[in-house]
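Here is the structure we will look at.
2 protein chains.
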Amino acid sequence: MAKNTAAAAARASGGGVTRQERRSLRQEAAVNAAVRLAERDGAAGLSMRKLAQELDLDVTVLYRLFRDKDELLLALCERTIELALDEIGEVPGAEPWQDTVRRVAEATWEVQNRLPVTTALTFARTTGGPAERRMVELLLSCFTRSGLAPERAVLFYLTFIDTALGLCAHAASLSSLNPENRAKDDTTWTRVYARLPEGDHPITRTHADELARVSRKAIYDTAVEAILTAAERAATG
Amino acid sequence: MAKNTAAAAARASGGGVTRQERRSLRQEAAVNAAVRLAERDGAAGLSMRKLAQELDLDVTVLYRLFRDKDELLLALCERTIELALDEIGEVPGAEPWQDTVRRVAEATWEVQNRLPVTTALTFARTTGGPAERRMVELLLSCFTRSGLAPERAVLFYLTFIDTALGLCAHAASLSSLNPENRAKDDTTWTRVYARLPEGDHPITRTHADELARVSRKAIYDTAVEAILTAAERAATG
DNA sequence: ACCTGAACACCGTTCAAGT
DNA sequence: ACCTGAACACCGTTCAAGT
Numbered sequence: 393m394a395k396n397t398a399a400a401a402a403r404a405s406g407g408g409v410t411r412q413e414r415r416s417l418r419q420e421a422a423v424n425a426a427v428r429l430a431e432r433d434g435a436a437g438l439s440m441r442k443l444a445q446e447l448d449l450d451v452t453v454l455y456r457l458f459r460d461k462d463e464l465l466l467a468l469c470e471r472t473i474e475l476a477l478d479e480i481g482e483v484p485g486a487e488p489w490q491d492t493v494r495r496v497a498e499a500t501w502e503v504q505n506r507l508p509v510t511t512a513l514t515f516a517r518t519t520g521g522p523a524e525r526r527m528v529e530l531l532l533s534c535f536t537r538s539g540l541a542p543e544r545a546v547l548f549y550l551t552f553i554d555t556a557l558g559l560c561a562h563a564a565s566l567s568s569l570n571p572e573n574r575a576k577d578d579t580t581w582t583r584v585y586a587r588l589p590e591g592d593h594p595i596t597r598t599h600a601d602e603l604a605r606v607s608r609k610a611i612y613d614t615a616v617e618a619i620l621t622a623a624e625r626a627a628t629g
Numbered sequence: 393m394a395k396n397t398a399a400a401a402a403r404a405s406g407g408g409v410t411r412q413e414r415r416s417l418r419q420e421a422a423v424n425a426a427v428r429l430a431e432r433d434g435a436a437g438l439s440m441r442k443l444a445q446e447l448d449l450d451v452t453v454l455y456r457l458f459r460d461k462d463e464l465l466l467a468l469c470e471r472t473i474e475l476a477l478d479e480i481g482e483v484p485g486a487e488p489w490q491d492t493v494r495r496v497a498e499a500t501w502e503v504q505n506r507l508p509v510t511t512a513l514t515f516a517r518t519t520g521g522p523a524e525r526r527m528v529e530l531l532l533s534c535f536t537r538s539g540l541a542p543e544r545a546v547l548f549y550l551t552f553i554d555t556a557l558g559l560c561a562h563a564a565s566l567s568s569l570n571p572e573n574r575a576k577d578d579t580t581w582t583r584v585y586a587r588l589p590e591g592d593h594p595i596t597r598t599h600a601d602e603l604a605r606v607s608r609k610a611i612y613d614t615a616v617e618a619i620l621t622a623a624e625r626a627a628t629g
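Chains Z and S, in that order, are what the protein sequence lines are. My numbering runs 392 ahead of the 1-based position in the first sequence. My numbering runs 392 ahead of the 1-based position in the second sequence.
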């Protein structure tokens, strides 16, 4: 749905495809290929050369579509937000603001889960693009509907989105380590913490099993609910 | 204080410096130089070659101190935790658990602020090393003291630490972008969002000033307090 | 005006050849 | 046994030379 926007625009405009529209189409194709490449080969596997090869282009053509690799990354960031917005779909107008925020949290997690490498590469960026703008408007409308004064609404909006993205990036950057490093990291709780010597770290030792059992999604949900509750209390209190 | 641990151990053991101790000393020197290099030249500037050069070593010697670059990064991660522990200092035994958690949050932010590049490079890793183990024990002792059952104590501990690290990494990865990209990102709120056309995004438009005014530290504090409150309520409720 | 290949200055990592 | 330089297979990015 988010895909082929430029194509649709081109067709709607009545036949003649301008240079600008062809450029947009090629950029979108490049973004699609970049996501595929990143998820298949990992963060280190997404190189300008390999992407060009995948698209049957010379690298320098890619450099005319995107000024540099950073601009490609910003386009990837926009794409992840587009996917989240697609995932969210239409929001019932009468829905309580908290539930809309929860929808956004779910959709963002879903995208992180599906595209961990892309998420890890882009989580901390601000694009200023159309998808990001729609997302900002959607979330700000929730936090203002809650009854918070502008200053507080903005503070809680940013706390929510940065926390959600930070935790998604945390989860994503684990899933996007090389297999061996991933395994090294993943099993640390049981490998190291369950086998601590008797005397040291008594509390950690008795909690090692629980530590290995907690899922990243449970952590994410706990953080999201904590921030929602804090916003509610700030609004009504 | 965290530095020269190996040196102290070597001297205490009575004169003869073993191969193992010399190795530890060289690893520590490498970590120190790596932090300096990363903060001076950015994440892309921390390469095995440049680090070896900085230490007047052949690259391959570096590869005998650390199996690969990832092992160096884990050592950097340990170092950031050591610095946070130094920052925390002695914790008064009778201190309310919430205040101890706040100390940890402050110290972690402080380190992020001082070493953004190193923080951004390492935030999502689990090292299983001694500094990390001390930090886990300290924080778990807080969340169990709060009266939470083991399962919940662990859930809130992980929610706290992952949220704190995620937000620190968010802030850090902004401070560690190349100057131009950083500027591009930083001013987006005023550059793009304050100039939105009248019709679209009305809520964002009216909040653009506030959005540009919120500091990353305020966001961090809001998230930390929200999680502390949620933990308190789960413990007493 | 557009495309192209070669080049520049780097990477992480390995290994045969030296002392 | 330890150290070393050169090499391999890559990077992002640029630019002169072609059509």
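Backbone N, C-alpha and C define an ideal beta-carbon position, used for all residues, glycine too.
Proximity winner among the options, relative to residue i (alpha-carbon distances)
i, options, result
"residue 624(Z)", "434(Z), 524(Z), 537(Z)", "537(Z)"
"residue 519(Z)", "469(Z), 447(Z), 601(Z)", "469(Z)"
"residue 591(S)", "465(Z), 526(Z), 493(Z)", "526(Z)"
"residue 542(S)", "506(Z), 582(Z), 411(Z), 603(Z)", "603(Z)"
"residue 422(Z)", "410(Z), 447(Z), 433(Z)", "447(Z)"
"residue 532(Z)", "597(S), 428(S), 482(S), 566(S)", "597(S)"
"residue 453(Z)", "476(Z), 418(Z), 409(Z), 580(Z)", "418(Z)"
"residue 600(Z)", "503(S), 432(S), 547(S), 412(S)", "547(S)"
"residue 488(Z)", "512(Z), 593(Z), 539(Z)", "539(Z)"
"residue 412(Z)", "465(Z), 457(Z), 480(Z)", "457(Z)"
"residue 610(Z)", "594(Z), 463(Z), 497(Z)", "497(Z)"
"residue 653(Z)", "607(S), 579(S), 521(S)", "This structure leaves residue 653(Z) out entirely; chain Z is present only between 393 and 629."
"residue 530(S)", "505(S), 482(S), 594(S)", "482(S)"
"residue 461(S)", "588(S), 414(S), 444(S)", "444(S)"
"residue 612(S)", "608(Z), 619(Z), 607(Z), 612(Z)", "619(Z)"
"residue 593(S)", "595(Z), 588(Z), 528(Z), 608(Z)", "528(Z)"
"residue 475(Z)", "490(Z), 505(Z), 484(Z), 486(Z)", "505(Z)"
"residue 608(S)", "588(Z), 549(Z), 415(Z)", "549(Z)"
Contact belief for residue i with residue j at Cβ below 8 Å, rounded distance in angstroms
i, j, result
"residue 523(S)", "residue 535(S)", "Contact flag wrong, Cβ pair sits at about 19 Å."
"residue 622(S)", "residue 472(Z)", "The pair is not a contact, with the Cβ atoms about 28 Å apart (cut-off 8 Å)."
"residue 480(S)", "residue 495(S)", "5 Å"
C-beta atoms of residue i and residue j nearer than 8 Å
i, j, result
"residue 500(S)", "residue 556(S)", "yes"
"residue 503(S)", "residue 435(S)", "no"
"residue 562(S)", "residue 554(Z)", "yes"
"residue 431(S)", "residue 507(S)", "yes"
"residue 516(Z)", "residue 565(S)", "yes"
"residue 465(Z)", "residue 514(Z)", "yes"
"residue 437(S)", "residue 449(S)", "no"
"residue 626(Z)", "residue 551(S)", "no"
"residue 560(Z)", "residue 511(Z)", "yes"
"residue 388(S)", "residue 451(S)", "Because chain S in this structure spans residues 393 to 629, residue 388(S) falls outside the shown range and cannot be described."
"residue 558(Z)", "residue 558(S)", "yes"
>> As an exercise, report each continuous alpha helix (DSSP H) stretch of at least 4 residues that is fully enclosed by the region 566 to 611 of chain Z, in chain order.
In response: Entirely contained in the region 566 to 611 of chain Z, the alpha helix (DSSP H) runs reaching 4 residues are, in chain order, 571 to 578, 580 to 583, 594 to 605.
> Curious, which full-length alpha helix (DSSP H) runs of at least 4 residues does the region 418 to 470 of chain Z contain?
Replying inline: Fully enclosed alpha helix (DSSP H) runs of no fewer than 4 residues occupy 440 to 446, 451 to 457 of the region 418 to 470 of chain Z, in order along the chain.
> Taking the runs of the beta strand (DSSP E) that are 3 residues or longer, which of them lie wholly in the region 531 to 557 of chain Z?
Replying inline: Qualifying beta strand (DSSP E) stretches: none in this window.
>> To test your reading of the DSSP string, which unbroken alpha helix (DSSP H) runs of 4 or more residues are found completely within the region 473 to 534 of chain S?
In response: Runs found: 489 to 506, 508 to 514.
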